[in-house]
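Visitor: This is the structure I have questions about; it appears just below.
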Amino acid sequence: MVPIFREILIPILAVFTALILGAVLIEISGVSFIEAYRGLFEGMFGSRRALIETCVAATPYLLTGLAVAIGFQGGLFNIGAEGQFYMGALASVIVGYTVQGLPAWLHLPLALVVGAISGAVWGSIPGLLKARLGAHEVINTIMMNYIALKLVDYLVKNVFRDPAASMDRTPYILPTAQLPRMFGPDYRLHAGFLLALAAVVFTHWLLFKTTLGFEIRTVGANPGAARYAGMNVAGNIVLAMAMAGAMAGLAGVGEVLGLNHTLPAAFSAGYGFDAIAVALLAKSNPMGIIPSAFLWGGLRNGAGLMQVRTGISIDLISVIQALVIMFIAANQIVRWIYRIN
Amino acid sequence: MRGITKRFPGVVANDHVDFRLEKGEIHALLGENGSGKTTLMNILYGLYRPDEGQIFLNGTEVHLTSPKDAIAHGIGMVHQHFMLVPVMTVTENIILGNEVTRGGLFLDLKQAADRIRKLSEQYHLEVDPQALIQDLPVGIRQRVEILKALYRQSNGESKPKSSIWADILILDEPTAVLTPEESESLFRTLTSLAQQGKSIIFITHKLREVFHVANRITVLRNGRVVGTTTPMETTETQLATMMVGREVILTVEKNPLEFREEVSDRKPVLHVQDLQVVDDRGSVAVKGVSLDIYPGEILGIAGVQGNGQTELVEALTGLRKAIAGSIHINGIDMTHIIHSGYSGPRKIMEQGVAHIPEDRHTYGMVDSYPLTDNLVLNIYYQKPFARGIVRNQAAIEEHATRLVTEFDIRTPSIFIKAGNLSGGNQQKMVVAREFSRPIILLIAAQPTRGLDVGSIEFIHKQILQKRDQGCAVLLVSVDLDEILSLSDRIAVMYRGHILATVDAKEASREVLGLWMAGIK
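Residue numbers (my numbering), protein chains in the order written: chain A, 1 to 341; chain B, 1 to 520.
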C-alpha cells in the first residue's frame with residue numbers, strides 16, 4: 001500500500017507554510033505573531049469550551065466537505081453545496097415547526113430525512129442535466145445556488161415568516177424536532193456532530209468498500225472504462241450528485257435542528273463554498289475530511305480570541321485559508337520548497 | 001555522441017552511450033520500448049540535458065540546451081505523436097513558430113506557401129499547402145511533419161548560418177501509424193533525402209523496416225549500446241536476440257485448424273448480418289458488414305486505420321449502437337439486447353465474450369486504479385469479488401496475485417497504479433483480465449500496437465492458445481504482419497465494407513496491400 005504518510009505530507013506542509021506566511025503578515029502589521037497565534041490556538045482548543053465550540057464549527061464543514069468530496073470522487077465539481085445546504089435547512093425547518101403531535105423519536109428523524117432528501121433532490125437536478133444533456137455541472141450548480149438562496153430568502157420573508165418575530169425568520173421548531181445537546185444546555189454541541197462523523201465513516205465505506213462506490217469512482221476516473229465495464233454512467237452521475245446533495249442538505253439541517261432552531265433570512269455562513277477548500281485539503285478522501293473540517297472550524301472559531309487579544313483582524317484567517325488552498329492546488333510550490341519529488 | 005548518460009529517478013535511461021551518425025546515411029536506432037532510444041534522441045534534440053557525455057557535430061563539441069538550439073544547428077525531429085493543429089492548413093502548421101511576415105505584423109502566407117511548394121518538389125513530398133490537416137490521412141500528415149522539419153532547416157540556412165550545421169533529421173517510430181504503402185513511400189522519401197545529403201536517424205522496433213531502409217543499425221538494450229552493424233552483416237533473428245537479450249521466436253508457431261473440414265455443419269459463435277454503424281460525426285462508418293466466426297478459428301480483419309474497424313468492434317461489444325443489421329452470439333439474437341441502454345457491454349460479456357479494446361486508456365483500464373481494481377474492472381460485481389454490494393478485498397487481491405504470475409505482468413506490487421506500468425505490462429493486464437473467465441469469443445482490436453517484442457510474443461501466444469481451446473477470435477489490426485501470422489481467415493475492410501475474405505494460406509502481402517488501398 002502507498003504509505004499514508006506520503007498522502008498527507010503535502011496537505012500538512014501546505015498548512016504549515018501558510019501559517020508561516022501568515023506569521024510574516026502579522027509581524028509586518030506590527031504585532032508579535034507568537035501572541036496572535038497563541039490567541040488563535042487557545043481559541044481553537046485551549047479550553048474545554050473552545051474545543052467544544054471548534055466541534056460545533058466543524059460540524060457543517062464535515063458534511064458540506066463530504067458533499068464536495070463525493071462529487072470529486074465521481075468526477076464532478078460540485079460547487080452547489082451552498083444551495084443544497086439551504087434547501088436542506090428550509091425543508092427541515094418546515095417539518096420542524098409545522099408537523100405537530102409527533103413524538104420526538106419520529107419527529108426528529110422525519111425532519112432529518114426530509115431535509116436530506118431536499119438537498120439530494122436539489123443536487124440531483126444538475127446531475128440529471130449533466131447525465132442527460134451533457135450540461136456542465138459547474139455552471140448549473142452555481143445557478144442552483146442562486147435559485148436556492150433567493151428562493152429561501154423569499155419564502156422566509158413572505159410565506160413562512162414568524163409574524164410575532166421582529167426580524168425575518170421562520171417560527172421556532174418544536175422541541176420534538178430538536179437535535180439534543182451533548183453536554184447540557186451550557187454547551188452548544190449537538191447530536192448533529194455525531195451524525196456528521198457517522199456520515200464520514202459511511203461515505204468512506206460506501207465509496208471504497210462497495211460496488212456502488214467502485215462504480216461512482218470509475219465513472220469519475222474514466223467514463224469510457226466505466227462504459228466498457230457495463231456501468232451506468234448517467235445513473236452514477238445522478239447518484240453521486242444526489243448523495244452529495246443529501247450530505248450538504250444534512251449540514252443545513254444540523255444548523256437548524258441543532259443550533260438555531262429557526263431559519264433566519266440572512267442565514268448564509270458560506271459553509272457550502274468553504275466546503276470546496278475543505279475537500280481540496282482532504283484530497284477528496286472522506287477520512288481526510290475530518291482533520292480538514294476541524295482545521296477550518298477551528299480557525300473560524302479561534303479567530304475571535306486572536307482578534308480580541310492582538311487586534312489582528314479575523315480576515316487574516318481567510319488569508320491563511322486562501323494560502324492553504326493555493327499550496328494544495330499548486331502543490332509544485334510546496335514540493336519545490338521542501339524538495340520533495 | 002560520446003559517453004552519453006542520463007539518469008531518471010530509479011532508472012538509468014542511457015548508460016555511457018556512444019553513437020556515430022555519418023553524413024548522408026540512414027541510421028536505424030533499434031530497441032524495445034524503454035531501451036532508451038527516445039531518451040537518447042531527446043538529448044540530441046535538446047529536450048533533455050545529459051548527466052554525462054559530449055555531443056559533437058562535424059567534430060565540434062556543442063551544448064544543446066533546447067530544441068530551438070538544436071534546430072539552429074540543423075537538427076530536426078519528427079515526433080511519434082504528431083504536433084499539428086487539425087483546424088489549420090498545411091502552410092499554417094509548417095510555419096508555426098517561424099512565421100514569415102510583412103512588416104513584422106502581417107503573415108505572408110503566400111510567400112510561405114511558395115517556399116513549401118518548392119521544398120516539397122525538391123524532396124518529392126507531395127502535399128497541398130492549402131489543405132486542412134484534419135482532412136488529410138495520417139500518411140500525409142506525417143509528410144507535413146517532415147516538411148516542417150525541413151522547412152525549419154531551410155529557414156536556418158537562409159539566415160546567417162550557425163557555424164556548426166549538421167542537417168540531421170530524426171524520426172521517432174515513423175511507421176507506427178502508416179499502411180504498408182505509406183511506409184514504402186516514406187522509405188523512398190528517406191532514401192532520397194539521404195541522397196541529397198541529409199543524415200537520418202530512424203527510431204524503430206520493427207525489424208523488417210531496418211533491412212529495408214537503413215545503412216547502419218545500432219541496437220540499444222536497457223540504456224546501453226549492444227552493438228552497431230549493417231543490414232548485410234546480420235539477420236532478423238540476430239537483431240531480435242540483440243534487442244531482447246535472449247532467443248525470440250519471431251514466427252508464431254501455429255497449430256493447423258482442427259475441424260476445418262466439418263465447419264459446414266457447425267454453428268458460428270459470432271454471426272453478423274448487414275451491420276451498419278455510424279461514427280461520432282454521424283456518418284455511416286460500417287456499411288453493411290456480414291461475417292461469421294466459428295469456434296477455434298481466428299478471423300483477422302486487415303485494413304488501414306479509419307475504415308470502420310473501430311466502429312465495427314464498438315458495435316459488436318455494445319459500446320456503440322448499430323443502426324441496422326443483426327448480431328447473433330452463439331445462436332442468440334443479441335442485436336437489441338446489446339444496443340438497449342448502458343448495459344450492452346455487460347450483457348455481451350456475460351455471454352462469454354472478451355474484449356481487448358483498441359485503446360486501453362480509453363476503455364480498457366483506469367490509470368489511477370491499482371492493478372487489483374483494474375483486474376476486476378468489469379467483473380467487480382460478480383462472486384467472489386462482491387457479496388451483495390460489499391466488495392471482497394481478499395478475493396480481489398488473490399485474483400490479482402494469481403493473474404500477475406500467470407500472465408507475467410512485471411510489477412513491484414499488485415497495489416501499484418496501473419498508469420505507472422509500461423505499455424506492455426498494461427496490455428498484459430487487460431489481456432489477463434479478459435482471459436481470466438471462461439470465454440467463447442474473443443474480440444481483440446490492435447492487441448499489440450506500440451508494444452515491445454517480448455510482450456507481442458507473449459500476447460500472440462495467449463491468443464493462439466485461446467483459439468486452440470476452441471475459442472472464436474476476431475482479430476482487428478492495422479499491422480499486416482500480425483494479421484498474416486495469426487489469422488486462419490483474413491477479411492480486408494475498406495471504407496466500411498468488407499472488400500474480400502480469403503483463407504490465410506492463400507493470402508499474400510501484396511494482394512492484401514492492394515485490397516487495403518481499395519484496389520480489387
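Heads up, the beta-carbon is just placed ideally off N, CA and C, and yes, glycines get one too.
#1: Would you verify that the beta carbon of A/F202 is, or is not, closer than 8 Å to some beta carbon of chain B?
#2: Does any residue of chain A bring its CB to less than 8 Å from the CB of B/F8?
#3: Cβ atoms of B/L441 and B/I329: under 8 Å apart, would you say?
#4: What does B/V17 pair with, by DSSP beta-bridge criteria?
#5: Just to make sure I have the definition right: I need the residues of chain A whose C-beta is within less than 7 Å of the C-beta of B/I389. Which are they?
#6: Flag this pair as yes or no: are the beta carbons of B/T218 and B/L29 separated by less than 8 Å?
#7: For B/T38 and A/A303, what's the separation of their Cα atoms in angstroms?
#8: Give the secondary structure of B/K505 by DSSP, where H, G and I count as helix, E and B as strand, and everything else as coil.
#9: Counting only the same chain and skipping the five closest in sequence on each side, list residues whose C-beta sits under 6 Å from that of A/S118.
#10: Measure the C-alpha to C-alpha separation of B/K206 and B/R246 and round it to an integer number of angstroms.
#11: Excluding the five sequence neighbours on either side, which residues of its own chain have a C-beta within less than 8 Å of the C-beta of A/L9, listed in chain order?
#12: With a threshold of 8 Å between beta carbons, is B/Y381 in contact with chain A?
#13: Taking buried to mean at least 16 other C-beta atoms within 10 Å of its own C-beta, is A/Y97 buried or exposed?
#14: Leaving out the 5 sequence neighbours to the left and right, which residues in its chain are closer than 7 Å to B/N255 when beta-carbon positions are compared?
#15: Rounded to a whole number of angstroms, what is the C-alpha to C-alpha distance between A/P180 and A/M144?
#16: Where do the ends of the alpha helix (DSSP H) carrying A/K150 lie?
#17: Please list, in chain order, the chain B residues whose beta carbon lies closer than 7 Å to that of A/G123.
#18: What's the gap between the Cα of B/D18 and the Cα of B/I55?
#19: Against chain A, does B/E261 count as a neighbour if the rule is that its beta carbon must be under 8 Å from one of theirs?
#20: Between B/P160 and chain A, is any beta-carbon pair separated by less than 8 Å?
#21: Within the 8 Å Cβ cut-off, does B/S290 reach chain A?
#22: My guess is that A/T210 and B/R391 are in contact by the Cβ rule of under 8 Å, so how many angstroms apart are they, rounded?
#23: Does the CB of B/V269 have a neighbour CB from chain A at under 8 Å?
#24: Leaving out five residues before and five after B/S326 in sequence, what residues of the same chain have Cβ atoms less than 7 Å from its Cβ?
#25: What are the boundary residues of the beta strand (DSSP E) that includes B/E311?
#26: Rounded to whole angstroms, what is the Cα-Cα separation between B/M41 and B/E397?
#27: DSSP on B/H497, reduced to helix/strand/coil?
#28: Starting from B/S368, find everything on chain A with Cβ-Cβ shorter than 7 Å and list it in chain order.
#29: Using 8 Å as the threshold, is the C-beta distance between A/A36 and A/I28 below it?
#30: Check the DSSP bridge columns for A/G254 and list the partner residues they point to.
#31: What residue ranges within the stretch 48-127 of chain B form continuous alpha helix (DSSP H) runs of no fewer than 4 residues, ordered along the chain?
#32: With C-beta atoms as the reference, is A/D168 less than 8 Å away from A/K157?
#33: B/G227 bridges to which residues according to DSSP?
#34: Any idea which residues DSSP pairs B/I293 with across the strands?
#35: Give me the Cα-Cα distance between B/M88 and A/L66, rounded to the nearest whole angstrom.
Guide: So, from the listed chains and residues:
#1: With its beta carbon at least 8 Å from every one in chain B, A/F202 lies outside the interface.
#2: Chain A contact via Cβ: absent.
#3: For B/I329 and B/L441, yes; Cβs fall inside 8 Å.
#4: Beta-bridge pairing links B/V17 to B/I4.
#5: Going along chain A in sequence order, the residues near B/I389 (Cβ under 7 Å) are T210, T211 and L212.
#6: Result yes, Cβ atoms of B/T218 and B/L29 sit closer than 8 Å.
#7: Cα to Cα, the separation comes out at about 55 Å.
#8: Here DSSP, grouped into helix, strand and coil, assigns B/K505 to helix.
#9: These residues qualify, in order along the chain: M87, G88, A91 and G249.
#10: Taking the straight line joining both Cα atoms gives about 17 Å.
#11: I340, listed in sequence order.
#12: Yes, B/Y381 counts as interfacial toward chain A.
#13: When all chains shown are included, A/Y97 counts as buried.
#14: Once the five neighbours on either side are set aside, the close Cβ partners of B/N255 are D468.
#15: One C-alpha to the other measures close to 31 Å.
#16: Element bounds for A/K150: E137 to Y154.
#17: Scanning chain B for C-beta atoms nearer than 7 Å to the C-beta of A/G123 yields nothing, as the closest lies near 21 Å away.
#18: Going from the Cα of B/D18 to the Cα of B/I55 covers about 10 Å.
#19: Residue confidence is low: B/E261 scores 49 on pLDDT, short of 50, so the model does not pin down where it sits. Its coordinate-derived value is still stated next. Chain A contact via Cβ: absent.
#20: Note on B/P160: pLDDT 47, under 50, position unreliable in the model; the coordinate value appears next. Look at B/P160: its C-beta is not under 8 Å from any C-beta on chain A.
#21: Chain A contact via Cβ: absent.
#22: With a Cβ gap of about 6 Å, A/T210 and B/R391 count as contacting.
#23: No, B/V269 lies away from the interface with chain A (no Cβ there is under 8 Å from its Cβ).
#24: Closer than 7 Å at the Cβ level, and outside the excluded window around B/S326, lie Q273, D333 and T335.
#25: Going by DSSP, B/E311 is part of no beta strand (DSSP E) but of the alpha helix (DSSP H) stretching over Q309 to L316.
#26: Their Cα atoms are separated by approximately 40 Å.
#27: Strand at B/H497.
#28: Correct list: A221.
#29: A/A36 is not a Cβ neighbour of A/I28, given a cutoff of 8 Å.
#30: Here A/G254 is not bridged, per DSSP, to any residue.
#31: Correct list: 67-72, 90-95 and 109-122.
#32: In contact: A/D168 and A/K157 (Cβ atoms closer than 8 Å).
#33: Partner(s): B/V219.
#34: BP columns for B/I293 point to B/L270.
#35: Each residue's Cα considered, the two are about 45 Å apart.
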